[in-house]
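So the structure is just underneath, and the comments pick up after that.
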Amino acid sequence: MKKGCLSEYFSGVVAKRLSAVEADPKKSNQHEFNGVKPLRSLLGDDRMDKMPSRFMYFGDEEDKSVQADGYLTWYDSRIDQAHRSAEYRLYFPTTSVTERMQEGDLLLVARKVDGSILMITVQGGSTVENQLLWLFGIAEVERQFIKRDYEAEKEDISLNFASRIIIEELGIEVEVPDDNLLDALISRFGGKFPKTAEFSAFARQSVGASSLDDADNVLIAWMEKEEALFRVLERHLVGERLRQGFGEDVDAFIDFSLSVQNRRKSRVGHALENHLEQVFREHSISCSRGKMTENKAKPDFIFPGISEYHNPQFPDAFLTMLGVKSTCKDRWRQVLSEAARIERKHLFTLEPGISENQTTEMAGHKLTLVIPKSLHASYKPAQQSNLVQLAAFVDLVKGRQ
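Here this note's numbering = 1-based position in the sequence shown + 1.
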């Protein structure tokens, strides 16, 4: 196990494409996968009855994603036939997840470091499929199981900001960093969460790097530092509140829990906008943030500014718009109507591996994705030619000013 790597959470994973027999209950009721060599390497030779497992199904539409707790059983079907070689099988029960499995879907059986199992089924060709293959370091998957062993140093994978987000989508709490900055955080902000702009500035000071050197990598460094600092402060402040207790006030506890979750979600988007604004500031780029265009729409950034946008004499060709979404999902369409004068829209995101179907649709709407260069590898080669690095976007905007 290595800090900051996938081995901190998973010992290994096997992956394959589901066949019709495996996925369609009308063609098979066996509820089993053959214990081929990669699966046997992951699970070992000892029988395991009713292993605690979480079943997950992901599609491109969030409302179709489901989860269920259950169990898996790993056994040798020839245990009583000493004259024959072992034939292992992995049995799974019927759940709301297995009922959604279809031929061609991606199957991942991931073993966590605590020994429990995630059995993940993902809609073939979806964004989530691309993201999980990227997370686990798997290039191509066919009908036969393949295995990745993260306990082997050469196969371990370093994590970054985007990969940690994917891990949390799997219901795994990302490890909180050491508290060596807690005293500085408490001294600076006291016993409360500061405003996001103030916290973002503190994170940038802690990194001590300028986007003038490398806009793409420095932005990621700022985001990772702010995430680490936030988790340290959050653990301290939430821990203090839990120690105070809620007595028998269930509603107060639920409200507090929801506030913690909502703060996590909203903070990331605000932090990303804060750091992008600093990039533009350091590059002496003029812009307006969150100002109204038409129909009460408020694009995240308008270049060179909102006054130029509302000036009919200012040439359309010198106007640029940038939407900002830490993850896109279906919300990318929101930016299409936010600045009518600007035909070619730009959208900055930290989401890796968006599906080819979605990026093709974006291109059809004249929307260009701006993505840090370290995440380009999560996209297929045919997609990468249409992605823009942050540094290239900075050059584009500067050239128009």
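In this text, a Cβ means the ideal position worked out from N, Cα and C, and glycines have one as well.
- Per the DSSP secondary-structure output, I147 pairs in a beta bridge with A16.
- Under DSSP, L73 forms a beta bridge with M52.
- Secondary structure at K374: helix, using DSSP grouped into helix, strand and coil.
- Contact fails between the region 251 to 267 and the region 295 to 309, because fewer than three Cβ pairs, one in each stretch, are under 8 Å apart.
- Counting only the Cα atoms, K113 lies some 35 Å from A216.
- Of the candidates H377, R48 and H284, H377 places its Cα closest to the Cα of Q385.
- If the five residues before and after C288 are omitted, its C-beta is found closer than 6 Å to the C-beta atoms of F281, F302 and F304, all from its own chain and listed in chain order.
- For the pair E352 and K381, the CB atoms are not nearer than the 9 Å cut-off.
- With 16 or more other CB atoms across the displayed protein chains lying within 10 angstroms of its CB, P300 is buried.
- Per DSSP, Y310 is one residue of the alpha helix (DSSP H) stretching across I307 to H311.
- In this structure the region 54 to 68 touches the region 116 to 135; the number of beta carbon pairs closer than 8 Å is three or more.
- Scanning its chain for C-beta atoms nearer than 7 Å, with the 5 sequence neighbours on each side dropped, one finds around G71 the residues S54, F56, P94 and T96, in chain order.
- Secondary structure note for G270: its alpha helix (DSSP H) is the uninterrupted segment V251 to E283.
- By the C-beta criterion, the region 207 to 216 is judged not to be in contact with the region 152 to 164, since fewer than 3 inter-stretch pairs fall below 8 Å.
- 9 Å or more divides the Cβ of W333 from the Cβ of L323.
- Between the alpha carbons of D77 and M49 lies a distance of about 10 Å.
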